[in-house]
Each structure stands twice: as C-alpha cells, then as structure tokens.
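2 protein chains.
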Amino acid sequence: MTAVVSPSHEEHKRARGRPPKTEDERDDGNRRHQLLTAAARLFRRQGFDATSTRDIAAAVGMHSGSPFYHFKTKDALLCAVMEEGMHAAIARQTKALRGVQADQPLGQIRRLIRAHFETLLGPGNDFVPVMLYEHRSLNPGQRALLAALQADYEAAWTPVLEALHASGHLRAPVKLSRLFILGALNWSVQWFDRKKSASLDELTDAVVALFLKEC
Amino acid sequence: MTAVVSPSHEEHKRARGRPPKTEDERDDGNRRHQLLTAAARLFRRQGFDATSTRDIAAAVGMHSGSPFYHFKTKDALLCAVMEEGMHAAIARQTKALRGVQADQPLGQIRRLIRAHFETLLGPGNDFVPVMLYEHRSLNPGQRALLAALQADYEAAWTPVLEALHASGHLRAPVKLSRLFILGALNWSVQWFDRKKSASLDELTDAVVALFLKEC
DNA sequence: CCTACCGATCGGTAGG
DNA sequence: CCTACCGATCGGTAGG
Numbered sequence: 315m316t317a318v319v320s321p322s323h324e325e326h327k328r329a330r331g332r333p334p335k336t337e338d339e340r341d342d343g344n345r346r347h348q349l350l351t352a353a354a355r356l357f358r359r360q361g362f363d364a365t366s367t368r369d370i371a372a373a374v375g376m377h378s379g380s381p382f383y384h385f386k387t388k389d390a391l392l393c394a395v396m397e398e399g400m401h402a403a404i405a406r407q408t409k410a411l412r413g414v415q416a417d418q419p420l421g422q423i424r425r426l427i428r429a430h431f432e433t434l435l436g437p438g439n440d441f442v443p444v445m446l447y448e449h450r451s452l453n454p455g456q457r458a459l460l461a462a463l464q465a466d467y468e469a470a471w472t473p474v475l476e477a478l479h480a481s482g483h484l485r486a487p488v489k490l491s492r493l494f495i496l497g498a499l500n501w502s503v504q505w506f507d508r509k510k511s512a513s514l515d516e517l518t519d520a521v522v523a524l525f526l527k528e529c
Numbered sequence: 315m316t317a318v319v320s321p322s323h324e325e326h327k328r329a330r331g332r333p334p335k336t337e338d339e340r341d342d343g344n345r346r347h348q349l350l351t352a353a354a355r356l357f358r359r360q361g362f363d364a365t366s367t368r369d370i371a372a373a374v375g376m377h378s379g380s381p382f383y384h385f386k387t388k389d390a391l392l393c394a395v396m397e398e399g400m401h402a403a404i405a406r407q408t409k410a411l412r413g414v415q416a417d418q419p420l421g422q423i424r425r426l427i428r429a430h431f432e433t434l435l436g437p438g439n440d441f442v443p444v445m446l447y448e449h450r451s452l453n454p455g456q457r458a459l460l461a462a463l464q465a466d467y468e469a470a471w472t473p474v475l476e477a478l479h480a481s482g483h484l485r486a487p488v489k490l491s492r493l494f495i496l497g498a499l500n501w502s503v504q505w506f507d508r509k510k511s512a513s514l515d516e517l518t519d520a521v522v523a524l525f526l527k528e529c
C-alpha cells in the first residue's frame, strides 16, 4: 500500500531470454492490438458481460491472466475498444467530407450517411457497434471520455442538417432530426445481414429518400 | 464446517404457520407479477447479465432461492418480461388504431408512432425496452417466441406505410422505411430523458415531419 | 416460499 | 507474458 515500488519491478519485461516470437507476435503494440480486435469481435457477438477475459485471451493464444498485462481491468479493455472505434469513425467521416464542397449539403449528408453505414456494418468493423450497445458497462470517467468523442463525431452533422433545414429539404427540428436519423442508422446493426440485406449504397439511397424532401 | 446445523437455527424468523400476509402478497399470481415488474426495472437499468436473481428477489422481499419457485430459470424470467411487454404493446397499438378510419393512413401512422413512444418511454414501461436491448440473452426457442410477437406487432405498420407510399407521402421502399422508422423510434430509449426532453406528443410531431412528404 | 448449500465461473493478482 | 491461485458471486437445487 505504500507508494514505493521496487525499481527493477518490470524492467525485464522483455529481453532476458524470451523465446523467438513469430512475426505476428513480435512487438507489444501488435499483441495489444490483437487483444483489441478479438475483444471487439467477442463483445459484439456475445456482449461484454457474457465474454470472459479468458475467452479473449484464448482468442489470441494467451493464457488467462495475460490480458491484464496489457489492460489494467476488463472495462479498461472495453473502453479502449470503443476509443479505437470512435477514432476510426471520426477519421472515416472526415475523409468522406473531404470529397464534397461545403455548400452542397445534399452531397454532404449522403456522404455522412454512407460513412456511418460503413462504420457500423463494414466487414470487421465491430468497434463502434460495441460502443453503441455496451455503453452501460463503462465507469463514469470512461463514459465522459467516450461522450466527448461521440460529441465530436456528431458535431459534423449539425451544420449540414441546418443547411438542409434552411433550404427546405428538412422540415423537422434539427436537433431531433439528428437524433432520429442517427437512431435509424444505428438500429441497422440489429437487423442488417450482409448476405441477405441490401448493399450499403442501397441503404444510403433509402435513407436519403426517406428523410429528405424534394423541394 | 460440517453439514450439521442446529435445527432451530432460524426457523422462527416468522414462526410456524406463516405470518398473515399483507394484501399485496396474498396470492401467487400477484407475487409472480411483482417479480416480473422488478425484473423489468432492474434488467432495463443494469442489463440482464449485471442483474442477479438475488437482486430481483431482494427487490420484492424474497430470499435468494425463491424466484426459482416462480420461474424455472433466469432466462425464463427474462422471456416472461418480454412477453408481457409485447402483449401490452400489441394491446396498446390495437386500441390506438381503433380511433382512426382505415382509409386515413396519415392519422394511422401518427397513432402508431405515438403508441410506440408510449410503449418505449411511458412511465414504468420497462418491458419492451428490455426486449429491445436484451434479445441476445434468450435461448433459440424463446427467441422464436418473441420473434413471432414482434412480427405481429410490426405487421400493423406495413399496410399503413403502403398506403402512404401509394399516396406519395413516403418515397423510400416500404420494407426499409419500416426498419428505419422503427429504428429511429427505438433508439430514443437511449437518449430520451423525461425531465429534459420534449413531450411524447412533440416527439411524434417531429417524427411525422421528418419522414412524411407533404405532397 | 425459505434454508442451506454446491459447483462453476470470473476478474484480478503475486511473483517470476 | 505464464503459473498458480484467491475471494467473490452467481444460477440453481434438495428438502421441507
């Protein structure tokens, strides 16, 4: 319980005589990222509570205690999954908006919607769905962290929706419109089936046709 | 540490031939329903996995093993919560549609939306939100049971949306429209706050303005 | 419905 | 990162 820690405490973490690792396992960053990916997949499939840290360890060929070398607690791992998801989502969104001019809100909203579908439904994109559906398992500090990232993400929608409102393409209040539109998209995680549903482009067309007036 | 325990150990806690029950506890059906209500509330607040059967028992003043007198397993209790929610939702929806004529799809859709908000966000209506967000914890048989009830519920929307499509109030494909509209509504469970958000009537207005064309 | 209990699982840790 | 382990909790049950 004292603050004093043996100085040599963890310094030998690597080196000393480690067995040679395969390419995939060579550096810590890589192992850590494998844990993140496996956790995202399992959390999405089974839920956070129903996934044990042993499941995650086994998925990347570790032993039961080893994930705690990379993440202090199970919910820190969950939080890291969500952060990773939000950073990727924000990057994808920013890139998508780069292709349209700022005075073309119809083109902008289409790209926002399409990028959002990619984030939610693209192959291997489990990180953001986990964030949407396992929010409850975070502690207050983690929740605040993620709320800030989510606010960043959603902030990009507001000026676009305001422009659409001004031009008559959107009739409902902007704030509620954003909540309902994002809700409609987010819910697709529940029913979308890559083998049976429409393509992401077709979903985007349907959403645009559903929400926007022709003028 | 032996298994032998003094026989008089705690038996007198409420003495020999059962103490008189209060009105609320008198019959089994009532106790069972108390369990359902408490479970719905806790499952909604904490999630299914994070709620123990002991939590539920305590919430209605039972001891830890007693819920299993009323429900065979924990997921049977979850399933019963969801069934209760769907039966109430279907009844509410049917009643709502009784007030409009079948040839007035605008009036019908408004009532369907308003009834859905009541089911999701009305005070004490925890049953359907649990169904929406704890689907994963059911076994396959239970899932099929609930899927049938959900199909019943959603079937009422299709002819209304088809009529709106025919009259030009809806431009997107009917099936995708239903999925996106219900998704937009269902997601409100995540952000709606009775103390800060708009009223259910205002939400209904916004949804109608958002999805339907003026013609 | 209560009592007393079991077997299993789980997050997490010390120590190397 | 592995080994060996702990304390706690949990769903569920027998027997009354």
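For the protein sequence lines, the chains are E and G, in the order given.
Using my numbering, read the first sequence as starting at 315 and increasing by one per residue.
Using my numbering, read the second sequence as starting at 315 and increasing by one per residue.
Note that CB positions come from ideal geometry on N, CA and C, so glycine has one too.
Predicted model, so just to flag it, every value in this text is computed and none were measured.
Is there at least one Cβ from chain G nearer than 8 Å to Asn500 of chain E's Cβ?
-> yes
Interface residues of chain G around Arg450 of chain E at Cβ under 7 Å?
-> Gly361
Within the 8 Å Cβ cut-off, does Trp505 of chain E reach chain G?
-> yes
Alpha carbon to alpha carbon, how far is His377 of chain E from Arg346 of chain E?
-> 14 Å
With DSSP collapsed to three states, give me the class of Leu452 of chain G.
-> coil
Length of the line joining the Cα atoms of Ala429 of chain E and Ala410 of chain E = For Ala429 of chain E and Ala410 of chain E, the gap between their C-alpha atoms comes out near 7 Å.
Taking the C-alpha atoms as reference points, what is the distance between Ala416 of chain E and Gln407 of chain E?
-> C-alpha separation (whole angstroms): 14 Å.
Alpha carbon to alpha carbon, what distance is there between Leu446 of chain G and Met396 of chain G?
-> 9 Å
Only counting runs of 4 or more residues, tell me where the alpha helix (DSSP H) segments fall wholly within the stretch 481–507 of chain G, in order along the chain.
-> Entirely contained in the stretch 481–507 of chain G, the alpha helix (DSSP H) runs reaching 4 residues are, in chain order, 488–505.
Excluding the 5 residues preceding and the 5 following Ser513 of chain E in the sequence, name in chain order all residues of the same chain whose CB lies nearer than 7 Å to its CB.
-> none
Report the three-state DSSP secondary structure of Ala523 of chain G (helix, strand or coil).
-> helix
Any C-beta of chain G sitting closer than 8 Å to the C-beta of Gly497 of chain E?
-> yes
C-alpha distance - Ala498 of chain E paired with Leu392 of chain E, whole-angstrom precision | 25 Å
Grouping DSSP H, G and I as helix and E and B as strand, with all else coil, what is His479 of chain G?
-> helix
Which parts of the stretch 352–429 of chain G are runs of the alpha helix (DSSP H), unbroken and 4 residues or longer, counting only runs that do not cross its ends?
-> Segments of the alpha helix (DSSP H) lying fully in the stretch 352–429 of chain G: 367–373, 381–384, 388–412.
Range covered by the alpha helix (DSSP H) that runs through Pro443 of chain E = First-last of the alpha helix (DSSP H) with Pro443 of chain E: 441–447.
Under 7 Å by beta carbon: chain E residues contacting Lys510 of chain G | What Lys510 of chain G touches in chain E: nothing, since even the nearest Cβ is about 12 Å away.
Figure out for me which residue from E:Val503, E:Asp519, E:His483 has the closest Cα to the Cα of Ala523 of chain G.
-> E:His483
Does DSSP classify Ala465 of chain G as helix, strand or coil?
-> helix
If we cut at 8 Å on Cβ distances, does Pro454 of chain E have a partner in chain G?
-> no
Straight-line gap, Val444 of chain E to Thr351 of chain E (C-alpha atoms, nearest Å) = 11 Å
Can you tell me which of the three DSSP states Pro473 of chain G falls into?
-> helix
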